[in-house]
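Working notes, beginning with the structure itself.
Number of protein chains: 2
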Amino acid sequence: MRQPNASRATASRDRHAALAPEKRKREPLARGLSLIRWALDTRTEEIGVRAAADALKIAPSTAHSLMSSLVAEGFLRRNANATYGLGHELLMLAHKAADRLPLSRIALPHMRTLVAHCNEAAFLNVYNPDRQEFFAVANVESTQVLRYVVEMNKWKPVYVSAGGWAIMAHLPKADRDEICARTKLKPLTPFSITDPEELEKQLAIVRARGYALSHSQRIPGAVGLSAPLVDPSGHVLGGIGISLPETRFKSDSEGELSRLLLACTSAICRGIRDGNG
Amino acid sequence: MRQPNASRATASRDRHAALAPEKRKREPLARGLSLIRWALDTRTEEIGVRAAADALKIAPSTAHSLMSSLVAEGFLRRNANATYGLGHELLMLAHKAADRLPLSRIALPHMRTLVAHCNEAAFLNVYNPDRQEFFAVANVESTQVLRYVVEMNKWKPVYVSAGGWAIMAHLPKADRDEICARTKLKPLTPFSITDPEELEKQLAIVRARGYALSHSQRIPGAVGLSAPLVDPSGHVLGGIGISLPETRFKSDSEGELSRLLLACTSAICRGIRDGNG
DNA sequence: CCAAGCGTTCTTTATAGCCGAACATAAATC
DNA sequence: GATTTATGTTCGGCTATAAAGAACGCTTGG
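In order, the protein sequences belong to chains Z and W. Using the working numbering, the letters of the first sequence correspond one by one to residues 1100 to 1376. Using the working numbering, the letters of the second sequence correspond one by one to residues 1100 to 1376.
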């Protein structure tokens, strides 16, 4: 019933062997956390045992056991029709975690005034030194009908796009070199810069004028401006970005937008200093 | 080698036996999640291995192992001075989880107009049927100098306070009875109602007029008004509450505040219906 | 200078996590 | 309505590994 056809069984086994040559490791904590992440990433409302098992490449019975534990802890909940959904403990955890990052609380008001003045989408990027990547945690949309929606809550490399450059330009040289070496500057669009020296030159320009500007680097037809947020000790926390279609980017736009952008980031940095000291 | 000193070994064993009579169970997932919760609840910026071990009543080496796994997963991060802090993965998880609850996104604008009209603190409560408890996930503060700050992100019983009554009144009778039986209506203040029949009478009044009103039930000197939020199928999702000092609660306040409150909740319920359908 | 605190490492032990397979139920298909 | 396929769930056995304790190196501060 399971394997009525020998060849199919072999194929299935091979696929598995190819992906998991080493023995199965036993790590309930890591797997449980991955399960939570997967449950949050999946778009469907109801999540199933076997779907989770497939996603995490574990046995259905293992997934069932993990999910039972997560239900007991309140991170998942059992639906009426014998499926699972997200639990309320996750929501509470989310709010507690959000409280611990005062950055968005400080930044959002200034971002709103920024958008009020230029009417282009602004977003807040947070840099993670461990991953050497960043992601957008908050955005303020413009009232324009044509606008670029930034992909929120997703890791992005720093060596491409204005948002990344604003951050990377203000990292220590050692970190920059490490990023170039580790990522090999894998091109994400045909226009991406892949030469470390050329990138260094561009980043020097970014440092000199205080903000990054990119045309169609990650998204075709989009112009990005971004300036870094640094804490009092000089570490890069992230940045504020503006994204707009090239058709709205006129010859005098850069001066106007960069002025507004730098005013916004310096106001936020002042807020950080006052809030922490 | 095992017991170089009999008396010391015995003392250690006794202390341990007193605190943990049952055998140590092995549950890395549950413990890791509890560790995350503890890390979020603790107010200090730096969290330590031994502090976590004490809080979770586990050996320091066990806590160290758990925390190493959490660092590997990005939920904690290692500080420079050999301590630990919250990791960025938590922050990302928080945003993803918050996106999954459209309730606050729908409710907040209406709460803001509510506060704009009455200038008293408003908050959004979410009910969890599994725990039969609720907690506040969002609040809009007033500009008053004297105001009650609601305790956010903390489980609260439904059988006390206006926020709880608004929810409990609209639960099925079976759930209400279960809550009375399970909690024994343990009084939280001298003014708390402890008689199930008396509580039922009060809840009937709440149902009849559409909102709950409480004087000094949980916080002395505070007046609370709250109305429930129900989804299209009739289940209680939570409620909207207003909290103000008794000194500002005049004879004509109830009519005015309840009118604004019910306008707010019905607007939110309309938003939920439109958003889901 | 030593005492006390910390995070970390190592070793041992037996427990519980993991899997495969079988089971029960429900929905979809013929 | 029978059959097929999907699902969530349970069970038994194997063994990797989580937990604990003791010892270590380190920093701190009296």
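Built from N, CA and C at the ideal position, the CB exists for glycine as well. The model shown is predicted, which means the values in this text are computed figures rather than measured ones.
DSSP places W:Glu1296 in the uninterrupted alpha helix (DSSP H) bounded by Pro1295 to Arg1308. Under the Cβ distance rule, W:Gly1333 does not count among the residues neighbouring chain Z, no pair being separated by less than 7 angstroms. Look at the beta carbons and you see the region 1174-1193 of chain W not touching the region 1226-1234 of chain W: under three pairs across the two are nearer than 8 angstroms. The beta carbon of W:Gly1262 sits closer than 8 angstroms to those of Phe1222, Asn1224, Phe1233, Ala1235, Lys1255, Ala1311, Gly1323, Ser1325, Gly1338 and Gly1340, all from its chain and outside the five residues before and after it, given in chain order. In this structure, W:Ile1292 lies near W:Leu1298, with their beta-carbon atoms less than 7 angstroms apart. Contacts between Z:Ala1196 and chain W, judged by CB atoms closer than 8 angstroms, involve Leu1139, Leu1185, Leu1189, Leu1190, Leu1192 and Ala1193 in chain order.
For W:Ala1129, the neighbours in chain Z by C-beta distance under 8 angstroms run, in chain order, Ser1168, Ala1171 and Glu1172. In this structure, the alpha-carbon of Z:Pro1271 lies about 12 angstroms from that of Z:Leu1302. According to the DSSP assignment, W:Ile1266 belongs to the alpha helix (DSSP H) that extends over Ser1260 to Met1267. As a beta-bridge residue in DSSP terms, Z:Phe1222 pairs with Z:Asn1238 and Z:Gly1340. In this structure, DSSP gives Z:Lys1124 a state outside helix and strand, which the three-state scheme calls coil.
Shortest Cα-Cα distance from W:Ala1181 to any of W:Trp1264, W:Phe1174, W:Leu1139 and W:Ser1167 involves W:Ser1167. Z:Glu1232 is bridged by DSSP to Z:Asn1227 and Z:Pro1256.
At least one CB atom of chain W sits nearer than 7 angstroms to the CB of Z:Leu1200. Among the residues of the region 1249-1273 of chain W, those with a Cβ less than 9 angstroms away from any Cβ of chain Z are Met1251, Asn1252, Lys1253 and Trp1254, in the order of the chain. DSSP places W:Gly1184 in the strand class (E or B) of the three-state scheme. Proximity of chain W to Z:Arg1176 at the Cβ level (cut-off 8 angstroms) is accounted for by Asp1229, in chain order. Z:Val1322 sits in a strand when the DSSP states are folded into three classes. Here Z:Gly1131 has Leu1165, Ser1168 and Leu1169 as same chain residues with Cβ atoms under 7 angstroms from its own Cβ, once five neighbours each way along the sequence are excluded.
Taking each of Z:Val1259, Z:Met1210 and Z:Met1267 in turn and checking the Cα distance to Z:Ser1315, the smallest one comes out for Z:Val1259. Using a Cβ distance threshold of 7 angstroms, W:Val1214 and W:Val1239 count as a contacting pair.
For W:Val1335, the three-state secondary structure derived from DSSP is strand.
Proximity of Z:Val1305 to chain W, defined by a Cβ-Cβ separation below 7 angstroms, is not satisfied.
Cβ neighbours of W:Leu1207 within its own chain (closer than 8 angstroms, five residues either side excluded): Leu1223, Ala1237 and Val1239. Unbroken beta strand (DSSP E) stretches of 3 residues or longer found wholly inside the region 1137-1192 of chain W: 1175-1177 and 1183-1185, given in chain order. In the structure shown, Z:Leu1312 falls within a strand segment according to DSSP collapsed to helix, strand and coil. Around the beta-carbon of W:Gly1354, fewer than 16 other beta-carbon atoms lie within 10 Å, marking it exposed. Exposure of W:Pro1201 is indicated by the presence of fewer than 16 other C-beta atoms within 10 angstroms of its C-beta. Against Z:Leu1165, the close residues of chain W are Leu1128, in the order they occur along the chain (beta-carbon pairs closer than 8 angstroms). Residue contact check for Z:Val1329 against chain W: no CB pair falls below 7 angstroms.
Between Z:Ile1205 and Z:Gly1370 a beta carbon distance of about 4 angstroms is seen, short of the 8 angstroms cut, so the two are scored as contacting.
If you look at Z:Met1251, you'll find it isn't in any alpha helix (DSSP H); DSSP assigns it neither H nor E. When the Cα atoms are used, W:Arg1176 and Z:Gly1320 turn out to be separated by approximately 38 angstroms. Collapsing the DSSP output to three states places Z:Pro1327 in a strand. Between W:Leu1343 and W:Glu1219, the C-beta gap is smaller than 7 angstroms, which places the two residues in contact.
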